[in-house]
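Below: the structure, in structure tokens.
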Amino acid sequence: MGSSGFRVICLLHSMVAVTCGAMMMFYTREITVFGHGKETAIKLQGSTPHDELLIRTSESFSGLLLFVIGFLLFMVSFVKDSKFQSFFAKGCVLLHLAMAIWRINFEMKLEDLARDLPRQVIGDVALALSWVFFLVYSWREKYD
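This is the structure we're talking about:
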């Protein structure tokens, strides 16, 4: 029998992913201004209409991907196999830490995005820690 903590964490992560994905698809400019500030958002829009269209299309597809990931997390939250839950949580920890490392290595080189780097890395690590807490809780439950 699986843990109820797994379902809660999956549903929370799912809500965040679905919400952010939908906002990325439909409110790209507003989210960019909210996340990076007005000056950086203007720089990230592109210099020509063709660039702007490519960037908007890319961000829309990224939002769709995030939306689908949120939907998959929702479906995974109903799995009751504790071995799968543990495996999935370990994978999520690795994924979030890999994202933080990627941000440090590549986004730091972009001076317009480097200002937001600490906040985003802390967010990635916090998401990874939520899965680590689940793993610690499930191991404690397993060995007590």
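Just so you know, we're using the numbering used here here: the sequence shown kicks off at -14 and counts up by one.
Ideal Cβ positions, reconstructed from N, Cα and C, are used throughout, including at glycine.
For T33, no alpha helix (DSSP H) run applies, since DSSP gives it neither H nor E. Apart from sequence neighbours up to five positions away, the residues of its chain that approach L49 with a beta-carbon distance below 7 Å are G6 and M10, ordered along the chain.
Leaving aside the five residues that flank T17 on each side, the residues in its chain whose CB is nearer than 7 Å to its CB run, in chain order, A26 and L29.
In this structure, the alpha-carbon of D109 lies about 33 Å from that of P34.
As the crow flies, the alpha-carbon of K68 is around 26 Å from that of A85.
For R100, no alpha helix (DSSP H) segment is defined, and its DSSP state is neither H nor E.
Non-local beta-carbon contacts of A99 in its own chain, meaning distances under 6 Å to residues more than five positions away in sequence, involve M93 in chain order. By the Cβ-count criterion, G55 is buried, with 16 or more other Cβ atoms from all chains shown falling within 10 Å of its own Cβ. Positions of the beta strand (DSSP E) runs, each at least 3 residues long and wholly inside the region -1 to 83, cannot be given because no such run exists. The three-state reading of DSSP puts S(-12) in coil, since its state is none of H, G, I, E or B.
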